[in-house]
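Protein chains in written order, with my numbering: chain A, 79 to 240; chain B, 629 to 1051. Glycine residues also receive a C-beta, built at the ideal position from the N, C-alpha and C atoms. This one's a predicted model, so the numbers in the text were calculated from it and none came from an experiment. What follows is a set of notes on a single structure, which appears directly below.
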Amino acid sequence: MLPVSVRKPLQKKIASVEHARELAIDVMFELQNHYGYLSDEAVAEAAGLLDMTPLEVDELATFYTFIYREPVGVYVIHVCDSVICWMDGYESVKAYLCRRLNIDVGQTTPDGLFTLLPVCCIGYCDRAPAMLVNRKVYGHLDGAKIDRIIENLVNEAVQADQ
Amino acid sequence: MNATPTRILLKNRRPERIATLDEYQAGGGYDGLGDILESRSPAVIQQMLLDAMLLGRGGAAFPTGRKMMTVAADAPFPRYLVCNADEMEPGTFKDRVLLHADPHMLIEGMILAGFAVQAAKGIIFIRPEYENAARILEREIRIAEAAGFLGDNILGSGYSLHIGVHRSGGRYICGEVTAQLNALMGRRPNPVQPPPYPTEKGLWGKPTVLQNVETLMCVPHIVRNGPDWFRELACTATGAGTKIYAVSGHVERPGCYELPMGTPLSTIIEEHAGGMRAGAKFKACLPGGASTCFLPAEHYHTPMDFEPLKQVGSRLGTGAIMVFDQQTCLLAVTLNLTEFFTRESCGWCTPCREGLPYIRDLLMRIENGEGEPDMLPMLDTMAQYLWNAYCAFAPGAMGPVQSLLKLFREEVADHIVRGGCPF
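Next up, the structure:
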């Protein structure tokens, strides 16, 4: 069940627009933040809020890159594999991340912290090779920089736990 | 005619932060906005944009004034203005730079463009990768509202416009007009073939005008300084205004450079992007994003404007210039781009959904040394089929493929003869 603290603000926002479904993506993002990913339960909740069928919500959920229908880590790392990043070191960035996190692309670390995914051009071709962590960008990547980013995120997660 | 760098859209650009409302106003922004809204008619502004020869900067180059004129004078209300900030084509990052430079220039552009079609609501459709820009826009919209530039009865003019930010869930096809409107209505973002055109029946069946970020940011300058001034900014007779060229690839200083429309490619690379990287020699570029045709070295001095690029077999597109040096395998580049288009195809129509993986597979086999001589004519045939697709996505994807087969056929054939990539 969605807690009232999440449901109420969404209901208020939905009531303020003319067509509930115009907020479909915002609602999916909110529920994803709450559940960690867009679970079947979240799809059903979204459908109820938006006056849509679960199938209609799923039709959208499966379409978009940043809506996750499967569990993901606390930090989703999207490595850009489009042409400029690919020319400027995508393969080595990917290989470094796989080694560092000890997972393959498409997997999540056993501690549930990191998911590694490839992504299409993120619009940072002037800072290639680049990646996103939870939609925040990091460019001009190399091994040392990746190490620093991962360490900071691990520390951030430890602090959040305490 | 102008050959020196002219900063119009990026005049308030700062290294690490946006230009504030005060800074935008200090540069003449919002100056006399109330008078303009009160004293000029929407038709006059439309005509100014048409006379200025402002062509859409999102890739399609449709005349902005003419698009607005397709909204009939007696068209129903409410009308919508959508700002397309969903740039996602590989190599394209100009709108990101513009949004982070001067958000109020966009907001004022939307006010004037909205007024020109009497839109009541403006929506900025932004890709999720640009979350930072989305937050900046939301904040600056509130600041503009507080200053009276946005909202009900703007500066006492009687015109009202409300602007909201819509975050996308992230898919390339959402940049296509009709797909974007579906996305905004909470529907699966498949394109829709006109007619009716969105300017007649768009969002929720009401007239909707959709414009790119860069296009909208030109509007305040045209309205203040006039169409002649805008046309004279270009250094080609066919061009108008400045252009944000987003340069990436094998150059010393990749980045966004605002220059007179029609600045030669060689000038952009050598005088602004720092030249080719050490030891690198220009082989080819994609002059306007991933859905344009390769421009080989023989056209190195081509003016980067819509007309001259058409004449040499390519397109200006979004002005995203991806530069490749002589060490680059253009087959591998095309394979990467085709992988992008294959992944991003919305799957609605058969030529695109089935044709793109087929073409990717052929390119991959040739690149990996499994090529056969008959694969070249197969690629030609398949690429031609993709022009039967439902929207412009698949024909766009064929830009690099067909130009590779035309201009660098020997390089592709060499892969087959050698049984692998020669690079």
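(request) Determine, using beta carbons only, whether residue 99 of chain A comes closer than 7 Å to chain B. (result) Sequence index remark: in the first sequence, residue 99 of chain A carries index 21 (1-based). Interface criterion met: the Cβ of residue 99 of chain A is under 7 Å from a Cβ in chain B.
(request) Would you give the residue range spanned by the beta strand (DSSP E) that residue 954 of chain B belongs to? (result) On the second sequence, position 326 is the one that residue 954 of chain B refers to. For residue 954 of chain B, no beta strand (DSSP E) run applies, since DSSP gives it neither H nor E.
(request) Report the neighbours of residue 800 of chain B on chain A: residues whose CB is nearer than 8 Å to its CB, in chain order. (result) Here residue 800 of chain B corresponds to residue number 172 of the second sequence, with the count starting at 1. Chain order gives the chain A residues near residue 800 of chain B as 198, where near means a beta carbon separation below 8 Å.
(request) Please compile the residues from chain A whose C-beta is within a distance smaller than 8 Å of the C-beta of residue 715 of chain B. (result) As a working note, residue 715 of chain B is residue 87 in the second sequence. Within chain A, 201 have C-beta atoms less than 8 Å from the C-beta of residue 715 of chain B, given in sequence order.
(request) May I ask which residues mark the beginning and end of the alpha helix (DSSP H) holding residue 1010 of chain B? (result) Locating residue 1010 of chain B in the second sequence gives position 382, counting from the first residue. Per DSSP, residue 1010 of chain B belongs to the alpha helix (DSSP H) from 1003–1013.
(request) With DSSP collapsed to three states, give me the class of residue 877 of chain B. (result) Residue numbering aside, residue 877 of chain B sits at position 249 when the second sequence is read from its first letter. Residue 877 of chain B: strand per DSSP, three-state reduction.
(message) Rounded to the nearest angstrom, what separates residue 1020 of chain B and residue 156 of chain A at their Cα positions?
(response) Residue 1020 of chain B sits at position 392 when you count from the first residue of the second sequence. Residue 156 of chain A sits at position 78 when you count from the first residue of the first sequence. Annotation: residue 1020 of chain B to residue 156 of chain A spans about 27 Å, alpha carbon to alpha carbon.
(message) Quick check: the Cα distance between residue 955 of chain B and residue 943 of chain B, rounded to an integer number of angstroms?
(response) Taking the second sequence and counting its residues from 1, the one referred to as residue 955 of chain B is at position 327. Taking the second sequence and counting its residues from 1, the one referred to as residue 943 of chain B is at position 315. Approximately 24 Å between the Cα atoms of the pair.
(request) Measure from the alpha carbon of residue 765 of chain B to the alpha carbon of each residue in B/745, B/646, B/705, then state which is nearest. (result) By 1-based counting over the second sequence, the position of residue 765 of chain B is 137. Of the listed residues, the one whose Cα sits closest to residue 765 of chain B is B/646.
(request) Might you give, ordered along the chain, the residues of its own chain that have their beta carbon closer than 8 Å to the beta carbon of residue 768 of chain B, omitting 5 neighbours on each side? (result) As a first step, residue 768 of chain B is located in the second sequence; it is residue number 140 there, counting from the start. Counting only Cβ-Cβ distances below 8 Å, and skipping sequence neighbours, we find 646, 649, 731, 732, 735.
(request) List the residues of chain A that residue 920 of chain B touches, going by C-beta distances under 8 Å, in chain order. (result) Walking along the second sequence from the start, residue 920 of chain B turns up at place 292. The contacting residues do not exist; residue 920 of chain B stays about 13 Å from chain A at best.
(request) Check the C-beta distance from residue 990 of chain B over to residue 1003 of chain B and give it rounded, since I have them as a contact under 8 Å. (result) Indexing the second sequence from 1 puts residue 990 of chain B at position 362. Indexing the second sequence from 1 puts residue 1003 of chain B at position 375. So it is a contact: roughly 5 Å between Cβ atoms.
(message) Is residue 763 of chain B close to chain A? Criterion is C-beta to C-beta, closer than 7 Å.
(response) Counting from 1 along the second sequence, the entry for residue 763 of chain B is found at position 135. No, because no Cβ of chain A sits closer than 7 Å to the Cβ of residue 763 of chain B.
(message) Let me confirm a value: residue 663 of chain B is counted as buried when at least 16 other C-beta atoms fall within 10 Å, else exposed. Which label applies?
(response) To locate residue 663 of chain B, count along the second sequence from 1; it is residue 35. The residue in question, residue 663 of chain B, is exposed, as its Cβ has fewer than 16 Cβ neighbours within 10 Å.
(message) Between the alpha carbons of residue 883 of chain B and residue 930 of chain B, how many angstroms are there, rounded?
(response) Residue 883 of chain B sits at position 255 when you count from the first residue of the second sequence. Residue 930 of chain B sits at position 302 when you count from the first residue of the second sequence. If you take the alpha carbons of residue 883 of chain B and residue 930 of chain B, they lie about 20 Å apart.
(message) Our contact map puts residue 881 of chain B next to residue 902 of chain B with C-beta atoms below 8 Å; I'd like the distance itself, whole angstroms only.
(response) The residue labelled residue 881 of chain B in the question sits at position 253 within the second sequence. The residue labelled residue 902 of chain B in the question sits at position 274 within the second sequence. Cβ-Cβ separation between residue 881 of chain B and residue 902 of chain B: approximately 4 Å, consistent with a contact (criterion under 8 Å).
(message) If you reduce the DSSP assignment to three classes, tell me which class residue 748 of chain B lands in.
(response) Against the second sequence, residue 748 of chain B aligns to sequence position 120. In this structure, residue 748 of chain B counts as strand in the three-state DSSP scheme.
(request) Since I believe residue 964 of chain B is in contact with residue 164 of chain A (beta carbons under 8 Å), could you give me their beta-carbon distance rounded to a whole number of angstroms? (result) One-based indexing of the first sequence puts residue 164 of chain A at position 86. One-based indexing of the second sequence puts residue 964 of chain B at position 336. Contact holds; Cβ gap of about 5 Å.
(message) Taking the beta carbon of residue 892 of chain B as the centre, do at least 16 other beta carbons fall within 10 Å, making it buried, or is it exposed?
(response) As a first step, residue 892 of chain B must be located in the second sequence, where it is residue number 264. Residue environment: residue 892 of chain B is assigned as buried (16 or more neighbouring CB atoms within 10 Å of its CB, all protein chains considered).
(request) Tell me, please, whether the stretch 700–709 of chain B touches the stretch 740–757 of chain B by the rule of three or more beta-carbon pairs shorter than 8 Å. (result) The stretch 700–709 of chain B, when compared against the stretch 740–757 of chain B, does touch it at the 8 Å Cβ threshold.
(message) With a threshold of 8 Å on Cβ separation, who are the neighbours of residue 845 of chain B within its own chain once the five nearest residues in sequence on each side are excluded?
(response) As a first step, residue 845 of chain B must be located in the second sequence, where it is residue number 217. The answer, listed in chain order, is 637, 726, 730, 733, 734, 737.
(message) Which residues of the stretch 874–904 of chain B have a Cβ closer than 9 Å to any Cβ of chain A? Give them in chain order.
(response) Here the close residues are 874, 875, 876, 877, 878, 881, 882, 883, 884.
(message) Do residue 827 of chain B and residue 698 of chain B have their beta-carbon atoms positioned less than 7 Å apart in this structure?
(response) If you number the second sequence from 1, residue 698 of chain B lands on position 70. If you number the second sequence from 1, residue 827 of chain B lands on position 199. Less than 7 Å separates the beta-carbon of residue 698 of chain B from that of residue 827 of chain B.
(message) Mapping the DSSP letters down to three states, classify residue 664 of chain B as helix, strand or coil.
(response) Counted from its first residue, the second sequence places residue 664 of chain B at position 36. Residue 664 of chain B carries a helical assignment under DSSP once its states are collapsed to helix, strand and coil.
(message) Taking the alpha carbon of residue 975 of chain B as the reference point, which residue from B/790, B/672, B/945, B/801 has its own alpha carbon closest?
(response) Mapped onto the second sequence, residue 975 of chain B falls at position 347. It is B/801.
(message) From the DSSP secondary-structure annotation, give me the bridge partner or partners of residue 924 of chain B.
(response) For this step, residue 924 of chain B is matched to residue 296 along the second sequence. Assignment of beta-bridge partners to residue 924 of chain B by DSSP yields B/912.
(request) Count the other CB atoms, across all protein chains shown, that sit within 10 Å of the CB of residue 218 of chain A; report buried if there are 16 or more and exposed otherwise. (result) The residue labelled residue 218 of chain A in the question sits at position 140 within the first sequence. Residue environment for residue 218 of chain A: exposed (fewer than 16 other C-beta atoms within 10 angstroms of its C-beta).
(request) Using three-state DSSP, classify residue 758 of chain B as helix, strand or coil. (result) Taking the second sequence and counting its residues from 1, the one referred to as residue 758 of chain B is at position 130. Here residue 758 of chain B sits in helix by DSSP.
(request) Mind listing the chain A neighbours of residue 758 of chain B? Cutoff is C-beta to C-beta under 8 Å, in chain order. (result) Mapped onto the second sequence, residue 758 of chain B falls at position 130. Going along chain A in sequence order, the residues near residue 758 of chain B (Cβ under 8 Å) are 201.
(request) Can you check DSSP and say which residues form a bridge with residue 839 of chain B? (result) Position 211 of the second sequence, counted from the first residue, corresponds to residue 839 of chain B. Answer is B/711, bridged to residue 839 of chain B.
(message) For a test of the three-state rule: what should DSSP assign to residue 144 of chain A, helix, strand or coil?
(response) Residue 144 of chain A sits at position 66 when you count from the first residue of the first sequence. Note: residue 144 of chain A maps to coil in three-state DSSP.
(request) List the endpoints of the continuous beta strand (DSSP E) containing residue 791 of chain B. (result) Looking up residue 791 of chain B in the second sequence gives position 163. It spans 790–795 - the beta strand (DSSP E) in which residue 791 of chain B sits, taken as one unbroken run.
(message) What does the Cβ neighbour count give for residue 755 of chain B, buried or exposed, with the cut at 16 atoms within 10 Å?
(response) Counting from 1 along the second sequence, the entry for residue 755 of chain B is found at position 127. Within a 10 Å sphere around the beta-carbon of residue 755 of chain B sit 16 or more other beta-carbons, which makes this residue buried.
(request) Evaluate residue 966 of chain B with the Cβ neighbour count: other Cβ atoms within 10 Å of its Cβ, from every protein chain shown; 16 or more gives buried, anything less gives exposed. (result) Here residue 966 of chain B corresponds to residue number 338 of the second sequence, with the count starting at 1. By the neighbour-count definition (other C-beta atoms within 10 Å, threshold 16), residue 966 of chain B is a buried residue.
(request) Provide the residue(s) that pair with residue 705 of chain B in DSSP beta bridges, ordered along the chain. (result) The count along the second sequence starts at 1 and reaches residue 705 of chain B at position 77. When beta bridges are read from the DSSP output, residue 705 of chain B appears opposite no residue.
(message) Here's a check: name, in chain order, each residue in its chain whose Cβ is nearer than 8 Å to the Cβ of residue 195 of chain A, leaving out the five neighbours to either side.
(response) In the first sequence, the residue the question calls residue 195 of chain A occupies position 117. Apart from the 5 residues on each side of it in sequence, residue 195 of chain A sits with its Cβ closer than 8 Å to the Cβ of 154, 155, 156, 157, 183, 184 in its chain, given in chain order.
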